[in-house]
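Numbering (mature numbering (1 follows the signal peptide of the UniProt record, and there is no 0)), first residue to last: -16 to -1, 1 to 558. Note that beta-carbon positions come from the ideal geometry of N, C-alpha and C, so glycine has one too. All values derive from a computational prediction rather than experimental measurement.
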Amino acid sequence: MSIYIFLFFLLSLSTAQDDCTPKPCSDHGPPICLPFRLKNHHPPHGGNTGFDLSCSPNNTATVLDLPNSVQVIVTNINYTSQSIHIKDPNSCFPQRLKNLDLSTTPFQFADTMYSFSLFSCPSTKPDFSYRVTCLDGDGREVYAEYGEGLVYDQFGLPGLPPMLSCRKMYDLSVPNEALHQADLQLKWHQRVEGKFLGHDLEIACATLGSFLLLVIFIAMYWFYRQKKIKRKDHLKIERFLEDYRALKPARYSYADIKKITNQFKDKVGQGGYGTVYRGQLSNDVYVAVKILNSTMGNGEEFINEVGIIGTIHHVNVVRLVGYCADGFRRALIYEFLPNDSLEKFASSDRDKRLLGWKKLLEIAMGIAKGIEYLHQGCDQQILHFDIKPHNILLDENLNPKITDFGLAKLCSKEQSVVSMTTARGTIGYIAPEVFSRNFGNVSYKSDIYSFGMLLLEMVGGKKNFDVMVNSTNQIYFPEWIYNRLDSGEELGIHIQDEGDAKIAKKLAIVGLWCIQWYPVDRPSMHGVIQMLEGDGDTLIKPPNPFASTNPTLATGQASGRPFNSELEVIVESE
């Protein structure tokens, strides 16, 4: 409410101090605003010379004084086009303008200027001349000729002899319209100078001061709101940490964090939720310190990471060493994994060849076992919702570890489906049911879908959702793999060893099983592990997940082998 009152005050102030109030000489005269001023009515405005207007003695007309005592009547002022219309009180511009010089004024004629010579001639009218009737007199007539008095023929070409019977009066440089029209148009292009001098300076300062006060008021209100929100988030986190004291991860102060990271010297990564630095604990253990961005989220990611990772221990899940919640500063301390993420290897054919297909299969098995542990090995079922190569880190022995639980959700192991109000995850890895419940209910099968896309990316060495098959056509990569398997062709990914080709085919088939459109058609992670451990030759090719993506089909009615019964909707655990 205070902001609206202040805005109303500012508007009233600017209106009351408006220096462009129309003050015409008569009811039908033009409004007089800056840069013009009406003598004895408006205050002076500094350097805007040549814009002074006055009223005629009987206040019936607005008068503009031009050089050499030339006075004209102003009939209209257009402040948008910066032009004025003038007329001669005696309706004889050729006489009024004969001594006019506009070079010292801010004005110029709007129309093209021409040079004329005026001649007083006998009553016999010369050919091809402009008659200037307002100058006629003493039985003689006045005519205007272009240039130096030459008469032009009908084709506009000079050549006729000068008017020997006429007497030259004077030369005149005016627009052609001045010879036969009652009004002319002047334009001004001069920048309005001195507008902020004197009285106008006071108005400008008052308006600017009011605007600055408004900006300061809004800024103070915004900072107050932000501080209130951050305080609320801080209290929520502190309450959570009070219940967390018995758990193993250690709590550090922000001063400890700066010491561990050597004043944030070694930056190793950057993400949407913060920056990761390499650090070292007192016992020479290297760690990765993730400084959370205080402007992102409301503390939910911090609580998820500490509450979920801090309570579980698995060889294929990254270990949380400690955390920091010092005021509004928050950080997470993980074990340091020197070989970066799986994305580095999955997206590069060269790096993938360095690993070898056997190692890729081992990495896939490790990820699958880590996900199975999250789904079945904990007190509560943990749904990750962001399985992708970037969130799989590799240790010194290239063993995979799942990280980044900022989007994870908990639910009871006896219940299988989590209710969600908004989609979460990374485009390209999000299961269809997370976008639309017409495909089925959100459950642990959503992580299975993401894992399937990860497997196909490991096989293809390129992003699943943007792959060039040849120089002219582009196709969705998982569909391209399925089409080649369906037709009995090789995958065509430059594998020479027969054993490696067998591993690649196994990973592709398992990945295609995992990305079935309907959750009931996907295997559990236990079933995935069995397929990865088994002989690839015995694997059954899955139904075509791209044959029909019609979301109107009832859940469980899509073609393919169902791995479990239809799931029931439950509410996620707090």
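So, do the segment 37 to 44 and the segment 6 to 20 have three or more beta carbon pairs nearer to each other than 8 Å? yes
Would you please state the rounded distance, in angstroms, between the beta carbons of Phe374 and Asp431? I believe it to be under 8 Å. First, the amino acid is wrong: residue 374 is His here, not Phe. Actually they do not touch by this definition, with Cβ atoms about 15 Å apart.
Per DSSP, cross-strand counterpart(s) of Leu316: Lys274, Tyr307
Please report the straight-line C-alpha distance between Ala162 and Thr89, rounded to a whole angstrom. 19 Å
For Phe20, collect the residues of the same chain with a Cβ closer than 6 Å to its Cβ; drop the 5 residues on either side in sequence, then sort them by chain order. Phe35, Leu37
Coil, strand or helix - Val418 by DSSP: helix
Can you list, in chain order, the residues of its chain with a C-beta nearer than 8 Å to that of Thr525? Leave out the 5 residues immediately preceding and following it. According to the sequence displayed, residue 525 carries Lys and not Thr. Within the same chain, Lys525 has close Cβ partners Leu469, Asp470, Ile493, Leu496.
If you follow the alpha helix (DSSP H) that Leu163 is part of, which residue opens it and which one closes it? That residue, Leu163, is in no alpha helix (DSSP H); it is neither H nor E in DSSP.
Span separating the alpha-carbon of Asn383 from that of Glu327: 14 Å
With a Cβ-Cβ cutoff of 8 Å, do Asp268 and Leu321 count as a contact? no
If you measure from the CB of Ile351, is any heavy atom of the ligand ATP nearer than 7 Å? The ligand ATP is not among the ligands present in this structure, which contains no ligands whatsoever.
To the nearest angstrom, how far is the alpha carbon of Ser278 from that of Ile465? 43 Å
Where the beta strand (DSSP E) containing Val512 begins and where it ends: Careful: Val512 lies outside any beta strand (DSSP E), inside the alpha helix (DSSP H) at 509 to 517.
Distance between Lys397 and Thr504 (C-alpha atoms, nearest Å): The residue you asked about is not Thr; residue 504 is Val in the sequence shown. Approximately 18 Å between the Cα atoms of the pair.
What span of residues does the beta strand (DSSP E) with Asn60 cover, start to end? 54 to 62
Count the other CB atoms, across all protein chains shown, that sit within 10 Å of the CB of Ala348; report buried if there are 16 or more and exposed otherwise. buried
I need the straight-line Cα distance from His298 to Asn323, nearest angstrom please. 19 Å
Lys274 and Ala315 closer than 8 Å at C-beta: yes
Helix, strand or coil for Asp155? Go by DSSP, reduced to three states. strand
With Ile293 and Val301 assumed to form a contact (beta carbons below 8 Å), what rounded beta-carbon distance in angstroms separates them? 7 Å
Considering Cα atoms alone, identify which of Cys498, Met97, Leu50, Leu394 is closest to Leu439. Cys498
Look at the alpha carbon of Tyr236 and the alpha carbon of Cys308, and state the distance between them as a whole number of angstroms. 5 Å
Can you tell me which of the three DSSP states Trp497 falls into? helix
Check the DSSP bridge columns for Gly121 and list the partner residues they point to. Arg124
Stretch-stretch touch, CB-based, cutoff 8 Å, three pairs: the segment 44 to 60 with the segment 78 to 96: yes
For His25, count the other beta carbons within 10 Å of its own beta carbon; 16 or more makes it buried, fewer makes it exposed. Which is it? exposed
Cβ distance (whole Å) where Ser101 is taken to contact Lys152 below 8 Å: 6 Å
Measuring straight from C-alpha to C-alpha, what distance separates Phe530 and Gly253? 37 Å
Determine, for Lys220, whether the minimum Cβ-Cβ distance to residues of chain D falls below 8 Å. Among the chains in the structure shown there is no chain D, since it carries only a single protein chain.
Whole-angstrom C-beta distance between Tyr270 and Gly390, which should lie under 8 Å: No, Gly390 and Tyr270 are not in contact; Cβ-Cβ is about 23 Å, not under 8 Å.
Start and end residues, beta strand (DSSP E) containing Ala94: It is not in any beta strand (DSSP E) - Ala94 carries neither H nor E in the DSSP assignment.
For the putative contact between Gly283 and Lys220, defined by C-beta atoms under 8 Å, what is the C-beta separation to the nearest angstrom? 6 Å
Within 10 angstroms of its Cβ, does Pro106 collect 16 or more other Cβ (buried), or is it exposed? exposed
Check whether the segment 58 to 74 touches the segment 119 to 126, counting contact only when three or more Cβ pairs, one atom from each stretch, lie closer than 8 Å. no
As assigned by DSSP and simplified to three states, the class of Pro78: helix
Among Leu344, Lys429, Trp206, which one has its Cα closest to the Cα of Ile366? Lys429
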